[in-house]
Amino acid sequence: MAGGKDSFSLSEKLCKFKEDWEKWIRRQIKERGGDRSVLCDTTSLTEIREALTSLAEHLPTVSVDELERAFSIAQNINYYAVAESSENPMPNELTEDEKKCIRNEREHVFSQPGMPIIIITVSLAAFLQGHVQASINAADIYAMDGSNPLHLPKGEETWTSGAMNAMPYFTAALLGSPMSLPINICIGRRGALTVSAFLIIASSIGSAFCQTWLELLLVRIIAGVVMGIKAVSAPVLASETAVRFWRGSIVLAWQLWVACGILMGSVINMAIADATGYLEQDRDSRSRLALRLILGAPAVPAIFLLIAVAMCYESPRYYMRSDTPGYSIDRTFQILLKIRSHRLLALRDLILIWWPNRPQRTELDQTSIERIKHSGLTYMGRVVASLNLSKLQYSTLFQARFLRNAVYSTCIVSLAQQLCGVNVFAFYSNKMFSGAYGNLKATLAYSVGFGGVNFLFGLLAMRSIDTLGRRRWLLFTLPLMSLFLMAAAIAYNDNFSKGIEARDIVGTVFVYCFVAAYAPGLGPIPFTLASESFPSSHREAGASVAITMNLFFAGLLSILLPEIYDAFHARGTLGVFSVLNVIAFILVLFLIEETSSRSLEDLETVYERPKIQLVMWVWHEQLPYFVHKWILWRRNVEEPVPYDSYGGESLDGESETEMESLGEAR
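For the numbering used here, count along the sequence shown from 1 and bump the result up by 7.
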């Protein structure tokens, strides 16, 4: 009887677990409506009819009736997202095929045709970024060995090596990211990636033939410009083409394949070192050949990127800016037909994109639009128009609260990525652990393991970055990252002896645990937020500012880390970054909003609220709930008030003047 009772009890527990799991799945995926539509406040039938009639003038294959039906579905976007679970009559009846497409859009990441080639293109761009980083990391070994193939100045090898490694990141931050704005306006996201691929091929081949460190430094300026352009353009392309429910999972391809690029780049570097005989004997004569091959290797994936870009679709939102030379509503619609699973979804997204950015039908607006169109008739006119629009975007980036808050949030998360210390291992893993292992082959193998853990655990963020959310992932992983780094700092032995000690192996295991916690959280989220947080009128400018912050501090870390390491050794360096992870956690807790499951056009409502409201909500609602439930273990704790329902009006204090000042930029 006792055995039967235990079996019954276990069966009950399993059934209860299954029920709770299915309930969670329904709440996180199947019943999530997403967000409030940008069309919710539009109630004037006359205004709607006039606007849709003007839109139909640009779409020769679409009737006004089709647009009105799509508008109704876009206006009630939450309702239709869960339409199959509702018994109430729908404002517009959907066919079974339409219901299926809407359901698949919400429940399946890869439900949209045309998206695979975009994901492949973004992934190749990211892979190239990671491969270049691995190339820079490995080249540092050969540049600093006894043969001194790059003729580094004696007595200043550490600073010279740091300057060479930091140069790509500084130029990416100060030149590449800002340049991405006029380039994206002028030739689009695909054009920017094409320019990047050609320049990577040129800089990789040029690096392979450099004879001195100064020549390599100059070539890396070009590589840095490319890194900045690519780091802005590729995530924005992914963000602008993805459906709102799975935008984070699509943009995740960027960080995931950067990690894969680091992994495969490390494998290739190890294979080159072995094939040239550098690992076995006669290093002095072999270091020059190994260095050339490693520096030139990124040219190969750059060729594949060119092929992918040739088959990739442009972002539909690129053609939807009425103040740019590339403005074309019909082309936007044709692209949406290719990357959405149903014509109705393409029309719905067309309206959601067009409505907040639609040109007002006044003489002044029409004159302005015509002037910009005519300015793009020549290449030079297009360049001048792009530069003027870039200046306008940057000059108005801080004029409205929602733009300022978006800048603050994206820059904080970008800074947190550098504070966490992951790039200590991405940039200088060979230096950090050559002392621990005293063996070049083992050190290169460590770099391969680092890239592998980063890539594999990054897969955990697939889907969950959209269902759990960006903020929750950061708050969960940052404390773990701090603990793992502190454990690694305690484990490592700074008094390196020949051979591998047990405590060094334990320290490496903790470093891998740190990377495993980083990969699904602070790895993909900075680029996800940078690419999604800004309205189309300022998307490139906002993303470039956030990525400039990221790359600038990456460069600063790259040039300072050799000196930090020499002063504090491995244990002290890891301890410093463990404390910085705690600081990053506090910044995220009080200052970073949640953005998942909202359309790009609706994220403005997230950032319109003052930051002080978020601070007060965390202090009065979220922290007390966490303390009572998880520290004091009180089971019947009332759920905190959702942030969307907390405080007063979200637009309190926002003057109309601020919003009107953006009219020209929009």
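Where a beta carbon is used, it is the ideal one built from N, C-alpha and C, also for glycine.
From a predicted model like this one, the values you see are computed outputs, not experimental measurements.
What three-state label does DSSP hand residue i in the structure shown?
i: F483; result: helix
i: I599; result: coil
i: P527; result: coil
i: G562; result: helix
i: Y653; result: coil
i: L21; result: helix
i: T219; result: coil
i: P542; result: coil
i: F517; result: helix
i: Q262; result: helix
i: F592; result: helix
i: R56; result: helix
i: E114; result: helix
i: N83; result: coil
i: Y334; result: coil
i: T68; result: coil
i: N99; result: coil
i: F205; result: helix
i: F584; result: helix
i: C418; result: helix
i: A249; result: coil
i: V625; result: helix
i: S51; result: coil
i: Q406; result: coil
Looking only at its own chain, which residues have a Cβ that is under 8 Å from the Cβ of residue i, when we skip the five neighbours before and after it?
i: F491; result: F517, V518, C520, F521, A524
i: S18; result: none
i: L21; result: none
i: G654; result: R616, Q620, M623, W624
i: D337; result: H65, L66, P67
i: S186; result: The identity of residue 186 in the sequence shown is Met, whereas the question assumes Ser. Only V232, G235, I236 meet the Cβ criterion.
i: R350; result: L344
Flag this pair as yes or no: are the beta carbons of residue i and residue j separated by less than 8 Å?
i: I127; j: A266; result: no
i: S421; j: A537; result: yes
i: Y176; j: S540; result: no
i: R251; j: S544; result: no
i: E360; j: R328; result: Strictly speaking, residue 360 in this sequence is Ile, with Glu absent from that position. No, the Cβ-Cβ distance between I360 and R328 is not below 8 Å.
i: A63; j: R355; result: no
i: I7; j: A141; result: An answer regarding residue 7 cannot be provided, because it is not within the stretch 8 to 673 covered by the chain.
i: C319; j: R478; result: no
i: C108; j: L352; result: yes
i: Q424; j: A548; result: no
i: D72; j: S256; result: no
i: L101; j: E75; result: no
i: S322; j: L244; result: yes
i: A297; j: T283; result: yes
i: L529; j: L481; result: yes
i: A309; j: I212; result: no
Who are the near neighbours of residue i in its chain, counting only those whose CB is closer than 6 Å to its CB and skipping five residues on each side?
i: L182; result: V232
i: L466; result: none
i: A215; result: R299, L302, G303
i: S489; result: S585, N588, V589
i: L487; result: A524
i: F597; result: V622, V625
i: I358; result: A77, F78, A81
i: T555; result: A180, S184
What residue from the options has the CA that sits closest to residue i's CA?
i: L312; options: F205, S211, A407, L426; result: F205
i: L404; options: H138, G654, L188; result: L188
i: P120; options: K345, R389, R641; result: K345
i: T248; options: F575, F117, P533; result: F117
i: H65; options: R365, Y386, G528, M556; result: R365
i: S79; options: A468, V644, L52, S210; result: L52
i: H627; options: I124, N643, V648; result: V648
i: M122; options: M493, T60, A260; result: A260
i: L475; options: C427, P527, I192, H576; result: P527
i: H138; options: M271, M186, V69; result: M271
i: D511; options: T450, F483, N276; result: T450
i: P542; options: A238, A278, S246, D281; result: S246
Could you pull out every residue in the same chain whose Cβ sits closer than 7 Å to the Cβ of residue i, ignoring the five residues on either side in sequence?
i: F409; result: E611, Y614, E615
i: N412; result: Y614, K618
i: A495; result: G514, F517, V518, F521, L581
i: P160; result: T167
i: V202; result: I190, I236
Is the Cβ of residue i closer than 8 Å to any Cβ of chain D?
i: W480; result: Here there is only one protein chain, and chain D is not present.
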